[in-house]
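Reviewing the structure listed below.
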Amino acid sequence: MKLGLTQICLGRQSLIRDGLALCRDLGYDGFEILLTESGELTLASGPEEFARLRQMSAEFGVELTSICGAGSLTDDDPAVVARSKAQIRQMLRAAAALGIDTILVTGGRVTEQVPYDVAYERLLAALRDLVPDVESHRVHLALENIWNKLLLSPLEFARFLDEVGSDYVGAYFDTGNVMLYGFPEQWIRILGRRIKKIHFKDFKIDHRERRYEWTQLGDGAVNWPAVMREIRAIGYDDYVITEVCSLPGKSQREVFAETLARMREIVRL
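This is how it looks when you write it as structure tokens:
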């Protein structure tokens, strides 16, 4: 199992080159990159930019693990949905050119204006529309479980992915994001081989003090031995990527170095 860092932690204004250098210096195997408005990978990027990114990855000896974008496939505004699909199609083109097997998509959210059932059907229709692109590029589109008030149980998430109807559309599972309403080890078991990539996060839950906060891996409520048991049981042996971005009193570099050490301990469980 290989260990990665996401550019999400460095911010949308950060440079991929700097992230690759950081990963090399700290010892991460891979780096998850962002599609942004004005960075090294944008909607306007083409073969020249893709070649430059491949060269950077080789130069630093750090793999490019996955690509993340933004946008909403459930919005009331058709223009927003169209732009989000365009971003996803660009991520697919970039991933295929860069030798990356997975893109991360957050999908959309339930709001007062967009009811749960409407968001569900819009997301389902949008992903089905994208299936030909996904399959032609042979790149996984992985939907992340986020705090969007949608797909709130592993049974529903699994059923939804099956309804999309493509082996190339799966889950990007985040261990920390389910802690308020579930247990990551149960999600992993139920989602099974639908999981294409994994974010490692932890979350502290203290009902007595009413403290609920992101924390360093191992300092929260995630049952890491159980998580690793289920990861192995489903046959997952791909990247686990940290999204631990900041901790009080520590620089980002210190946080990333400490997190890497914790990840090494966890994957040995």
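In my numbering, the protein residues as written are 22 to 290. Idealized CB from N, CA, C, for every residue including glycine.
Just tell me which of the options has its CA closest to the CA of residue i.
i: Ala247; options: Thr63, Thr127, Gln207, Arg232; result: Gln207
i: Thr211; options: Leu281, Ala192, Arg104; result: The amino acid occupying residue 211 in the given sequence is Ile; Thr does not appear at that position. Cα-wise, what sits closest to Ile211 is Ala192.
i: Phe52; options: His220, Lys271, Met249; result: His220
i: Thr123; options: Gly256, Thr27, Asp96, Cys89; result: Cys89
i: Gly48; options: Lys23, Gln111, Asn244; result: Lys23
i: Leu182; options: Glu165, Thr86, His158, Arg38; result: Glu165
i: Arg274; options: Thr132, Asp46, Ala254, Ile37; result: Asp46
i: Met77; options: Ser87, Glu61, Tyr189; result: Glu61
i: Gly128; options: Ala118, Gln134, Leu151; result: Leu151
i: Ile297; options: Met200, Ala146, Tyr260; result: Nothing about residue 297 can be read from this structure; the chain reaches only from 22 to 290.
i: Asp98; options: Val135, Pro153, Gly197; result: Val135
i: Arg75; options: Leu41, Gly239, Lys106; result: Leu41
i: Pro153; options: Asp240, Ser187, Lys170; result: Ser187
i: Glu69; options: Lys170, Leu290, Ala118; result: Ala118
For residue i and residue j, what's the separation of their Cα atoms in angstroms?
i: Trp235; j: Phe224; result: 5 Å
i: Glu230; j: Asp96; result: 37 Å
i: Ile216; j: Glu84; result: 20 Å
i: Leu31; j: Ile209; result: 27 Å
i: Ile109; j: Glu184; result: 19 Å
i: Ala163; j: Leu113; result: 11 Å
i: Val243; j: Gly25; result: 19 Å
i: Ile29; j: Thr263; result: 10 Å
i: Tyr202; j: Glu251; result: 18 Å
i: Glu279; j: Cys44; result: 13 Å
i: Ser66; j: Ile37; result: 14 Å
i: Pro269; j: Ser157; result: 45 Å
i: Val101; j: Tyr137; result: 18 Å
i: Phe277; j: Val265; result: 8 Å
i: His161; j: Leu144; result: 16 Å
i: Ala146; j: Val190; result: 13 Å
i: Lys218; j: Glu286; result: 19 Å
i: Leu55; j: His228; result: 35 Å
i: Glu142; j: Leu176; result: 17 Å
i: Glu80; j: Arg214; result: 33 Å
i: Thr86; j: Phe71; result: 14 Å
i: Ile226; j: Leu148; result: 34 Å
i: Arg232; j: Gly241; result: 11 Å
i: Met249; j: Gln237; result: 17 Å
Are there 16 or more other CB atoms within 10 angstroms of the CB of residue i, so buried, or fewer, so exposed?
i: Ser267; result: exposed
i: Asp195; result: buried
i: Gly120; result: exposed
i: Lys222; result: buried
i: Gln111; result: buried
i: Ala282; result: exposed
i: Asp259; result: buried
i: Ser272; result: exposed
i: Ala115; result: buried
i: Ser93; result: buried
i: Ser105; result: buried
Mapping the DSSP letters down to three states, classify residue i as helix, strand or coil.
i: Gly51; result: strand
i: Gly40; result: helix
i: Leu31; result: helix
i: Asp122; result: coil
i: Leu281; result: helix
i: Gly25; result: strand
Nearer than 7 Å: is that true of the beta carbon of residue i relative to any heavy atom of the ligand ADP?
i: Gln76; result: Because no ligand of any kind appears in the structure shown, any question about the ligand ADP cannot be addressed here.
Note down, one range per segment and in chain order, each alpha helix (DSSP H) of at least 4 residues found wholly within the stretch 230-278. 245-254
Where are the alpha helix (DSSP H) runs, 4 residues long or more, that stay fully inside the stretch 143-209, in chain order? 175-185
I'd like the ranges of any beta strand (DSSP E) spanning at least 3 consecutive residues and lying wholly in the stretch 60-109. 84-89
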